[in-house]
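Under my numbering, read the sequence shown as residues 4 to 194, first letter to last.
Think of the CB as a built atom: it goes at the ideal place given N, C-alpha and C, for glycine as much as any other residue.
Below is one structure, written out as structure tokens, with a few remarks after it.
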Amino acid sequence: MSTYCTTEPFEGCTLLRLVSDDGTNKLSRARVQDLTETLLGLPRQPLMICGNPKFFSVGADLDEINALRGHDALDFAMMGQRLMQTVADFPALTCAVVEGWCMGGGFDLALSCRFRIASPHAVFGHRGAALGLMTGWGGTQRLPRLVGCAQAMEIFLTAEKIHAQRALELGIVDVVSAEPYASATRFITAS
Numbered sequence: 004m005s006t007y008c009t010t011e012p013f014e015g016c017t018l019l020r021l022v023s024d025d026g027t028n029k030l031s032r033a034r035v036q037d038l039t040e041t042l043l044g045l046p047r048q049p050l051m052i053c054g055n056p057k058f059f060s061v062g063a064d065l066d067e068i069n070a071l072r073g074h075d076a077l078d079f080a081m082m083g084q085r086l087m088q089t090v091a092d093f094p095a096l097t098c099a100v101v102e103g104w105c106m107g108g109g110f111d112l113a114l115s116c117r118f119r120i121a122s123p124h125a126v127f128g129h130r131g132a133a134l135g136l137m138t139g140w141g142g143t144q145r146l147p148r149l150v151g152c153a154q155a156m157e158i159f160l161t162a163e164k165i166h167a168q169r170a171l172e173l174g175i176v177d178v179v180s181a182e183p184y185a186s187a188t189r190f191i192t193a194s
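Pasting the structure below:
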């Protein structure tokens, strides 16, 4: 039983919900490892990954990152890459359902999914440049495929926050809906 996520059947899909005591769903080393193991054990059916109404995930745990040195930092980068690749290689359709903040490594997690459905209040971003960081979990490869190199570079370097409607205009999300779970189910079954 995971302390970092829950799974349940939902309309012919598996719903994987990120959970944390503070609700922000920081991607700590323990959470990244647990999510990877959980994903590897899921049935081969469409998968929806979600958080809560306020936070999909704020990304990597910055306190942990600040304490990492040398080989430990490389190990953490590789763990994050493995998680994102596990999502990308999942043997059924994947969809991120984003209702709130989706930042940094959380954004990488959403980008790893085949589809992204956002509520009107969702906010996306890679804030690393504002903190002197750059993602090492695949977002720098996946985002340009969706929005083009120039737009992706601007998003990374300006650390701008992208609200749901703008994310739709840019092609980051496939649908913005006041009922994101119902829309995700329709989107997955139609694909």
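- The region 109-117 and the region 67-76 do not touch, with fewer than three beta-carbon pairs separated by less than 8 Å.
- Judged by beta-carbon spacing, residue 52 lies beyond the 8 Å limit of residue 91, meaning their Cβ atoms are not closer than that value.
- Residue 60 sits away from residue 38, with the two beta carbons spaced by 8 Å or more.
- Residue 175 carries a coil assignment under DSSP once its states are collapsed to helix, strand and coil.
- Given a length threshold of 3 residues, each whole run of the beta strand (DSSP E) inside the region 32-87 is given here in chain order: 50-53, 58-60.
- In its chain, beyond the 5 residues on either side, 120, 178, 180 have a beta carbon closer than 8 Å to the beta carbon of residue 186.
- The straight-line gap separating the alpha-carbon atoms of residue 34 and residue 153 is approximately 32 Å.
- It is roughly 10 Å from the alpha-carbon of residue 172 to the alpha-carbon of residue 150.
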